[in-house]
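Right, one structure below, let's go through it.
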């Protein structure tokens, strides 16, 4: 079910004092550029195992070749892929959440309503791939680094908009609350 939209396609602001539902805006993973070398290794290893199967000298067996290849694939292809897959950034209407870790899950979050500074860094390879690293810092909590975010300029713009909208709604709600006169 979708939310009713305003004339510009944005969701309608909640009534003053009403709790706004937390909606997921985006969920991104670091750019998969780091998975190029594991993919190249997998292709090269498949070619080497195919070539050497049945062609090894007598003391070695195909079982040893396949076992060694399996260990290399597990350590240098599967584990980096799972590590990349386990790292994600979620942007909602209330906060930014970073989750990572295979066995031990780590989670960090930063609320939009408190406001934060956004700094963007992009290396030469990141500029070619339109990715970059965003550092979110509010001066109180530890900084949250969103590394190798694809389409970093769009994510930067979305985060700046969410901070602005959250602060506008908080300011509006703080001034629209009825005051209770003191009892005499």
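Residue numbers (our numbering): 572 to 755.
The C-beta atom is built at its ideal place from N, Cα and C for all residues, glycine as well.
Predicted, not measured: the structure shown is a model, and the values here were computed from it.
Item to complete: Could you tell me whether the Cβ atoms of residue 719 and residue 609 are closer together than 8 Å?
Response: Taking 8 Å as the cut-off, the Cβ atoms of residue 719 and residue 609 do not count as close.
Practice prompt. Classify residue 739 as helix, strand or coil using the three-state DSSP reduction.
Written response: In this structure, residue 739 counts as helix in the three-state DSSP scheme.
Worksheet entry | residue 591, DSSP secondary structure in three states | Residue 591: coil per DSSP, three-state reduction.
Worksheet item: What residues in its chain sit with their C-beta under 8 Å from that of residue 606, if we drop five residues either side in the sequence?
Response: Excluding its 5 nearest sequence neighbours in each direction, residue 606 has C-beta neighbours in its own chain below 8 Å: 651, 652 and 655, listed in chain order.
Worksheet item: Taking Cβ positions, are residue 689 and residue 705 nearer each other than 8 Å?
Response: In this structure, residue 705 lies closer than 8 Å to residue 689 by Cβ.
Practice prompt. Count the other C-beta atoms from every protein chain shown that fall within 10 angstroms of the C-beta of residue 638, then say buried if there are 16 or more, exposed otherwise.
Written response: By the neighbour-count rule (16 or more Cβ atoms within 10 Å), residue 638 is not buried but exposed.
Worksheet item: Who are the near neighbours of residue 738 in its chain, counting only those whose CB is closer than 7 Å to its CB and skipping five residues on each side?
Response: 684 and 686, listed in sequence order.
Discussion item. Mapping the DSSP letters down to three states, classify residue 628 as helix, strand or coil.
Written reply: Correct three-state label for residue 628: coil.
Discussion item. Give me, in chain order, the residues of the same chain whose beta-carbon lies closer than 8 Å to that of residue 746; leave out the 5 immediate sequence neighbours on both sides.
Written reply: Hits under 8 Å: none found.
Item to complete: Report the rounded CA-to-CA distance for residue 572 versus residue 677, giving the unit in angstroms.
Response: Because the pLDDT of residue 572 is 38, which lies under 50, any placement of that residue in the model is unreliable, and the number read from its coordinates should be weighed accordingly. One alpha carbon belongs to residue 572, the other to residue 677, and they sit about 31 Å apart.
Worksheet item: So what's residue 713 in DSSP terms, helix, strand or just coil?
Response: Judged by DSSP in its simplified three-state form, residue 713 adopts coil rather than helix or strand.
Worksheet entry | residue 674, enclosing alpha helix (DSSP H) - first and last residue | From DSSP, residue 674 is part of no alpha helix (DSSP H); its letter is neither H nor E.
Practice prompt. Check whether the Cβ atoms of residue 672 and residue 659 lie closer than 8 Å to each other.
Written response: 8 Å or more divides the Cβ of residue 672 from the Cβ of residue 659.
Worksheet item: Which value, in whole angstroms, describes the spacing of the CA atoms of residue 722 and residue 599?
Response: Straight through space, the alpha carbons of residue 599 and residue 722 are spaced by roughly 10 Å.
Worksheet item: What's the gap between the Cα of residue 732 and the Cα of residue 594?
Response: For residue 732 and residue 594, the distance between alpha carbons rounds to 14 Å.
Practice prompt. Within the same chain, show all residues whose beta-carbon is closer than 7 Å to that of residue 691, passing over the 5 residues directly before and after it, in chain order.
Written response: Answer for residue 691: 703, 705, 723 and 727, listed in chain order.
Practice prompt. Could you check if residue 646 is buried or exposed, using at least 16 other CB atoms within 10 Å of its CB as the buried criterion?
Written response: A residue is called buried once 16 or more other Cβ atoms fall within 10 Å of its Cβ, and residue 646, having fewer, is exposed.
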